[in-house]
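Each remark here refers to the structure printed beneath this line.
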Amino acid sequence: MNTKNTRRFLGVAALVILAAIVIFAQVERTAVATLKDFSELEVRGAGFTLTRNIKVHIDAVGGGDKSVFRELVMDDENTGMYAYGWIIDAATREVVWEMTHENTRGRRNDRTVNEDVSLEKGAYEVYFVAYGTVRSGAFSYSQANIDRRNDNKRGRNFFSIFGDNFEDIRDEFMESAKNDWGITISVPSSDAGAVSSFKAPAPFRQTIFSLTGIGDDATVKKTLTVSRDVTVRIYALGEGRERDELYDHGWIIDAATRERVWDMRRGRLERAGGAYKNILADNELTLPKGQFELVYVTDDSHSPEDWNDRPPYDPFSYGITIFLNSEGDRSAVKVDDGGVPDRNAFLELTKVGDDEFKSMAFSLKKDMKVHVTALGERSGDRNWADYGWIVDARSREKVWSMDDRRSEHAGGASKNRMIDEIVSFSKGDYIVYYQTDDSHSYDDWNSGPPYDQEAWGIALRGVGSDFDPKSVTIGKEPAEANILAQIIRVRDDRHERRTFKVSKRQRVRIYALGEGTNDEDMHDYGWIENAESGRTIWEMTYDMTDRAGGARKNRRVSTTFTLEPGEYVLHYLTDDSHAFNEWNSDPPEDRDHWGITLYKEE
Numbered sequence: 014m015n016t017k018n019t020r021r022f023l024g025v026a027a028l029v030i031l032a033a034i035v036i037f038a039q040v041e042r043t044a045v046a047t048l049k050d051f052s053e054l055e056v057r058g059a060g061f062t063l064t065r066n067i068k069v070h071i072d073a074v075g076g077g078d079k080s081v082f083r084e085l086v087m088d089d090e091n092t093g094m095y096a097y098g099w100i101i102d103a104a105t106r107e108v109v110w111e112m113t114h115e116n117t118r119g120r121r122n123d124r125t126v127n128e129d130v131s132l133e134k135g136a137y138e139v140y141f142v143a144y145g146t147v148r149s150g151a152f153s154y155s156q157a158n159i160d161r162r163n164d165n166k167r168g169r170n171f172f173s174i175f176g177d178n179f180e181d182i183r184d185e186f187m188e189s190a191k192n193d194w195g196i197t198i199s200v201p202s203s204d205a206g207a208v209s210s211f212k213a214p215a216p217f218r219q220t221i222f223s224l225t226g227i228g229d230d231a232t233v234k235k236t237l238t239v240s241r242d243v244t245v246r247i248y249a250l251g252e253g254r255e256r257d258e259l260y261d262h263g264w265i266i267d268a269a270t271r272e273r274v275w276d277m278r279r280g281r282l283e284r285a286g287g288a289y290k291n292i293l294a295d296n297e298l299t300l301p302k303g304q305f306e307l308v309y310v311t312d313d314s315h316s317p318e319d320w321n322d323r324p325p326y327d328p329f330s331y332g333i334t335i336f337l338n339s340e341g342d343r344s345a346v347k348v349d350d351g352g353v354p355d356r357n358a359f360l361e362l363t364k365v366g367d368d369e370f371k372s373m374a375f376s377l378k379k380d381m382k383v384h385v386t387a388l389g390e391r392s393g394d395r396n397w398a399d400y401g402w403i404v405d406a407r408s409r410e411k412v413w414s415m416d417d418r419r420s421e422h423a424g425g426a427s428k429n430r431m432i433d434e435i436v437s438f439s440k441g442d443y444i445v446y447y448q449t450d451d452s453h454s455y456d457d458w459n460s461g462p463p464y465d466q467e468a469w470g471i472a473l474r475g476v477g478s479d480f481d482p483k484s485v486t487i488g489k490e491p492a493e494a495n496i497l498a499q500i501i502r503v504r505d506d507r508h509e510r511r512t513f514k515v516s517k518r519q520r521v522r523i524y525a526l527g528e529g530t531n532d533e534d535m536h537d538y539g540w541i542e543n544a545e546s547g548r549t550i551w552e553m554t555y556d557m558t559d560r561a562g563g564a565r566k567n568r569r570v571s572t573t574f575t576l577e578p579g580e581y582v583l584h585y586l587t588d589d590s591h592a593f594n595e596w597n598s599d600p601p602e603d604r605d606h607w608g609i610t611l612y613k614e615e
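See the structure below:
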């Protein structure tokens, strides 16, 4: 055989050997989970159990577009994928494999992965999502949700900024979602007997109840009646951001005291995978004997109803699940639908609309603790647009108010704030006030409404099972006592006078509201004049005042002064604007006392 024929023979032999190797290497496989067709569902999932350690094969096609700009500028652990799969350990709920831009290859809408992954004996769940689409460049990043419930006008408007036709983008997405994207998990056929399947998610053992799959704009309540001390585990997924701004979340309150015994706050939370806003609380809680109310709420977006960003790693468990550490505790916990009836409520100024000013008086026959809940609108810089406060009916001094530092997010727009606390009150008479500005209030929201829309306002409740409703009376504002002279509810362009006499040396408390500006010039103010000499002996000046609520120019003074025996004239002067019921800006909190009052000090 000549050299030429030898080379030809060796070449053919090499090809035959290579083909044999390839054929030998093609191990016959059996699919254990296949997730396809995302034209109607954003997320699909399946479970499988391995009775021994097995190397599974993953074959998946998805979509992704990596953005250097997003990595550098935005605080987000984005994998660059918008259609992708992942696997979690069914026992720990931890991710064990995820489809990323780094382990896939191909074009933006055709990112593929074909690899083997070694999994230990145990149960696993595989998921695949196709939630939206992304367009990115070296210095740009744009993302739009594909909402299968409607025509997705938000996405259309967003991409039109960049000259894109959203209908074409949506059609392209839906074509890939239906026919191209998906994931298949397979094992060598020789290992098929060691694999079984189940419906995801795997149920938690010793579950008391599970509120999952909760959609947008939902409020769900459960009552837990506990007959003895029980330790439970709470597994809750939701949506939130920094500063405890929670959008989808839950909490548990003691029905007797109305105090929160658990909630999804910073310190109890961890990242839930997927979008940065996905949060997870996995906590233990010991409940003493008593009744408890569990509440879970969602806002108007990003839920199993429609994910507007990457879902959490455990998407089918979105919501809240409570289970026992010991099956022997099951008889100690009873669960009922709905919340616990609030038998201790005694005053409500709620469902407050635009441009309203409401008040209600109450009297306490003894010192007691009161549960105060108030929802309102923060206008920025710790100022309030809609808010409530409580004053001592006798002294007019404020004893409680809504403070931004004590508030928390109330759901919806970030400006919706809530205060929920226990306050100690002394025996006496009080007045509760609540006022709103001209926008964003009950039944007329200009932004996302709070979770509990009907609670917009302020409510008071007694605390504890021993609360006696007879210890509280509700009624009209009590008549003011010890008034020496008074000019109030003064309107524009007025100069009102009151003459009064003092028969003996008298200490008085001066309480006055008026209008003043930063140049220390008072426009609406009062003073006291000696009737005989005409000399002014006291005058309301800017530097002695503090803010009276509402507009910054609303000023207030509360001070004491001693009058010698004699006759006096009390004066109050207003200019041509911003006075009682003729406000050109936000009114003060105690608008009825726009003017001046002298109280006898005993």
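Adding 13 to a residue's 1-based position in the sequence shown gives its number in the working numbering. Cβ coordinates follow ideal geometry from the N, Cα and C atoms, glycine included.
Q. Per the contact definition of three or more C-beta pairs closer than 8 Å, is the region 423-442 in contact with the region 505-517?
A. no
Q: With a cut-off of 8 Å on the beta carbons, I'd call leucine 337 and isoleucine 221 a contact; round off their distance for me.
A: Residue mapping note: residue 337 aligns to position 324 of the sequence shown, counting from 1. Residue mapping note: residue 221 aligns to position 208 of the sequence shown, counting from 1. Right, their Cβ atoms sit about 6 Å apart.
Q. Could you check where the beta strand (DSSP E) with glutamate 185 kicks off and where it finishes?
A. Here residue 185 refers to the residue found at position 172 when the sequence shown is read from its first residue. Where glutamate 185 is concerned, there is no enclosing beta strand (DSSP E), although the alpha helix (DSSP H) it sits in stretches over 179-192.
Q.
Check whether the region 205-224 and the region 311-319 touch, using three or more Cβ-Cβ pairs below 8 Å as the test.
A. no
Q | Exposed unless 16 or more other CB atoms sit within 10 angstroms - verdict on glutamate 615 | A | Here residue 615 corresponds to residue number 602 of the sequence shown, with the count starting at 1. With fewer than 16 other Cβ atoms within 10 Å, it is exposed.
Q: Would you identify the three-state DSSP class for serine 131, choosing helix, strand or coil?
A: Taking the sequence shown and counting its residues from 1, the one referred to as residue 131 is at position 118. If DSSP states are grouped into helix, strand and coil, serine 131 belongs with the strands.
Q) Taking the C-alpha atoms as reference points, what is the distance between lysine 382 and alanine 143? A) Here residue 382 is taken as the residue at index 369 of the sequence shown, counted from 1. Here residue 143 is taken as the residue at index 130 of the sequence shown, counted from 1. Within the model, the alpha-carbon separation for lysine 382 versus alanine 143 is close to 52 Å.
Q | The beta strand (DSSP E) enclosing threonine 43, as first and last residue numbers | A | To locate residue 43, count along the sequence shown from 1; it is residue 30. 42-49 is the span of the beta strand (DSSP E), which, as asked, contains threonine 43.
Q) If we count Cβ pairs, one from each stretch, closer than 8 Å, do we get three or more for the region 229-244 versus the region 129-145? A) no
Q: Kindly indicate which three-state DSSP category aspartate 322 falls into: helix, strand or coil?
A: Taking the sequence shown and counting its residues from 1, the one referred to as residue 322 is at position 309. Judged by DSSP in its simplified three-state form, aspartate 322 adopts coil rather than helix or strand.
Q) Who are the Cβ neighbours of proline 600 in its own chain at under 6 Å, not counting the five residues just before and after it? A) Against the sequence shown, residue 600 aligns to sequence position 587. Gly563, listed in sequence order.
Q.
According to DSSP, simplified to helix, strand and coil, what is glycine 77?
A. Sequence index remark: in the sequence shown, residue 77 carries index 64 (1-based). Here glycine 77 sits in strand by DSSP.
Q. Touching or not, the region 252-267 and the region 344-351, by the rule of three or more beta carbon pairs under 8 Å?
A. no
(Q) Let me make sure I understand the geometry here. Which of Ala472, Ser454 and Ser376 has the alpha-carbon closest to that of serine 439? (A) Taking the sequence shown and counting its residues from 1, the one referred to as residue 439 is at position 426. The residue among Ala472, Ser454 and Ser376 with its C-alpha nearest the C-alpha of serine 439 is Ser376.
Q.
Using only the alpha-carbon positions, how far apart do histidine 70 and glutamate 421 sit?
A. Position 57 of the sequence shown, counting from 1, holds the residue named residue 70. Position 408 of the sequence shown, counting from 1, holds the residue named residue 421. About 47 Å.
Q) Going by beta carbon distance, what residues of the same chain come within less than 6 Å of arginine 57, once the five residues before and after it are set aside? A) Start at 1 with the first residue of the sequence shown, and residue 57 comes out as number 44. These residues qualify, in order along the chain: Leu48 and Phe141.
Q: Can you grab the Cα-Cα spacing for the pair tryptophan 551 / isoleucine 501, in whole Å?
A: The sequence position of residue 551 within the sequence shown is 538, counting from 1. The sequence position of residue 501 within the sequence shown is 488, counting from 1. Rounded to the nearest angstrom, the two C-alpha atoms are 18 Å apart.
Q) So, is proline 328 buried or exposed, given that buried needs 16 or more other C-beta atoms within 10 angstroms? A) Mapped onto the sequence shown, residue 328 falls at position 315. With 16 or more other Cβ atoms within 10 Å, it is buried.
Q: Pull up the DSSP beta-bridge partners for lysine 382, would you.
A: As a working note, residue 382 is residue 369 in the sequence shown. Lysine 382 is bridged to Ser437.
Q) According to DSSP, is methionine 277 helix, strand or coil? A) As a working mapping, residue 277 is identified with position 264 in the sequence shown. Coil, per DSSP.
Q | Burial state of phenylalanine 179, where buried means 16 or more other Cβ atoms lie within 10 Å | A | Within the sequence shown, residue 179 is the residue found at index 166, counting from 1. Phenylalanine 179 comes out buried.
Q: Measuring alpha carbon to alpha carbon, tell me which of Asp123, Glu128 and Gly401 ends up nearest tyrosine 95.
A: Taking the first residue of the sequence shown as position 1, residue 95 is located at position 82. Closest option to tyrosine 95, Cα to Cα, is Asp123.
Q) Does the region 186-206 come close enough to the region 41-55 that 3 or more CB-CB pairs lie under 8 Å? A) yes
(Q) Tell me whether the region 358-366 and the region 265-285 touch, counting them as touching only if at least three CB pairs, one residue from each stretch, are closer than 8 Å. (A) no
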